[in-house]
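This report concerns only the one structure given below.
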Ligand SMILES: NC(=O)c1ccc[n+]([C@@H]2O[C@H](COP(=O)([O-])OP(=O)(O)OC[C@H]3O[C@@H](n4cnc5c(N)ncnc54)[C@H](OP(=O)(O)O)[C@@H]3O)[C@@H](O)[C@H]2O)c1
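Quick look at the structure:
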């Protein structure tokens, strides 16, 4: 797949790196091609080429959004003409003061994003764990894969993103439409509070067991 990254910091850089190594054509949609995060992403994988955001998004089928939530509107506006019809993988989380939901639980960040990009197919994924698990998604002591929950309204878009999660070693778990994003965002807060406040290992993820 042709994939562009808007945001390539803690979250975006490892995902871009691993997707490129898995055989995808990955570009950095770089609003500043000389920024520290561009240089750091390129230092880890020189095949991650920065392009101006419009060109990077225009030539991609899938756009990962991994910016600070408050930068989403700016990042989306910069590629508004190129986004219609594209799949946006929403990796962002609205986190408010005291690790609360940043939109006061009234609306999910992904639904807010959908209103910024109404003609794009939003899939929320790669949000419910810390970046440590995007750096390394191997949990070798278990014979099940770690689960990556995702949601969105477009079945084909979810299928495409599910394949990317599988390429990175996760078991994709489609949890429903975009209205489920609010609940995934609360799962994120659960994980962050467990790990960043209460001191649990950051290398903790969920698995889906069935019978
Ligand atoms: N950190 C985690 O463990 C984690 C886990 C899951 C989800 N998330 C979510 O993922 C998102 C990114 O988190 P992060 O920790 O990766 O952040 P980060 O390390 O600070 O990286 C942010 C990236 O966004 C880019 N950016 C900032 N403002 C921008 C703008 N206006 N237009 C385009 N790009 C812009 C930055 O590029 P420049 O440096 O070039 O400005 C940088 O590459 C957040 O929404 C966060 O809630 C984080």
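Residue numbers (this note's numbering): 35 to 245.
Each residue gets a CB set at the ideal place from its N, CA and C atoms; glycine is no exception.
Remember, it's a predicted structure, so these values are computed and weren't measured experimentally.
Go through its chain and collect everything with a Cβ distance to residue i's Cβ below 6 Å, but skip five positions before and after it.
i           : result
residue 50  : 39, 42, 60 and 82
residue 154 : 117, 120 and 122
residue 91  : 38, 63, 97, 113 and 116
residue 240 : 181
residue 52  : 202
Among residues of its own chain, excluding the 5 on either side of residue i, which ones have a beta-carbon nearer than 7 Å to its beta-carbon?
i           : result
residue 74  : 47
residue 274 : Because residue 274 is not part of the residues shown, which for the chain are 35 to 245, the question remains open.
residue 227 : 133
residue 151 : 110, 117 and 122
residue 93  : 36
Pop quiz: residue i and residue j are said to be a contact at Cβ under 8 Å. What is the actual Cβ separation, rounded to whole angstroms?
i           : j           : result
residue 137 : residue 131 : Residue 137 to residue 131, Cβ: 13 Å. No contact.
residue 203 : residue 171 : 4 Å
residue 198 : residue 242 : Their Cβ separation, rounded to whole angstroms, is 18 Å, which puts residue 198 and residue 242 out of contact at 8 Å.
residue 56  : residue 201 : 5 Å
Could you name the residues that DSSP lists as bridge partners for residue i?
i           : result
residue 229 : According to DSSP, residue 229 bridges with nothing at all.
residue 185 : 158
residue 83  : 61
residue 129 : 135
residue 206 : 182
Worksheet entry | Three CB pairs or more closer than 8 Å across the region 150–164 and the region 198–216 | yes
Worksheet entry | Sufficient close CB pairs (3 or more, under 8 Å) joining the region 138–150 to the region 164–181 | No, they do not touch.
Worksheet item: For the 8 Å Cβ check, are there 3 or more pairs between the region 218–236 and the region 161–169?
Response: yes
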